[in-house]
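One structure is given below, encoded as C-alpha cells.
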Amino acid sequence: MYHLCKVGILSKLCEHAKEFKDKIKAKHEEYGEQVTEFNEHMANFGLSFGTVEEYNFRKAQYLKNDKIIKEVNAENLSYQLGHNQFSTWTDDEYQRLLGYKPDNSEMVEEVPTNYDLNL
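Sequential numbering of the sequence shown, starting at 89, is according to this note's numbering.
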C-alpha cells in the first residue's frame, strides 16, 4: 500500500512538472514572438538603440504599449489602436513632444534670506 501511495505521489509530481514545463515553454514562445514583433517594429520605423540597456528599456516600453493596444482592441470598439513611431517612448517623452512643461514651482523651496553660519 505504501509503495502504491508513493507511486501515486510521484505520478502527481511528474504531472505537475510537465504542466509547469508546458507553461514555461508557452511563455518562452510568447516572449520570442514579442521580441520578433519589437524587432519588426524597429525595422518598420528605422529605429536603432546604442546600447543593450536602451534596447531593453525601449522593448519594455513597446511591450507595455502593446498590452494596452491589445486590451483596448479586444473590446471591439468602433476604433482600433495600433503601433506608431512613438510606441517606444515614455509618457514623459511624449508629453514633451506635445509641448507639456511640468510645473516646477512646487519643487523649488524658498531660499532663506539670512544664514546662521555659527554652527
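Don't be surprised by glycine CBs; every beta carbon is placed ideally from N, CA and C. These numbers were taken from a predicted model, which means no experiment stands behind them.
Check, Outcome
"Is it buried or exposed for residue 139, if we count other Cβ within 10 angstroms and need 16 for buried?", "exposed"
"Got a sec, what are the start and stop residues for the alpha helix (DSSP H) residue 161 sits in?", "140–161"
"Can you give the beta carbon distance from residue 151 to residue 161, rounded, assuming they're within the 8 Å contact cut?", "About 15 Å; that fails the 8 Å criterion."
"Tell me whether residue 90 is buried or exposed, calling it buried when 16 or more other Cβ atoms sit within 10 Å of its Cβ.", "Residue confidence is low: residue 90 scores 49 on pLDDT, short of 50, so the model does not pin down where it sits. No coordinate-derived value is stated."
"Taking the alpha helix (DSSP H) that residue 185 falls in, what are its first and last residues?", "179–185"
"Measure the Cβ-Cβ separation of residue 133 and residue 173 and say whether it is below 8 Å.", "yes"
"Identify which residue in 182, 187, 153, 177 has its Cα closest to the Cα of residue 142.", "177"
"Rounding to the nearest angstrom, what Cα-Cα distance links residue 123 and residue 149 in this structure?", "12 Å"
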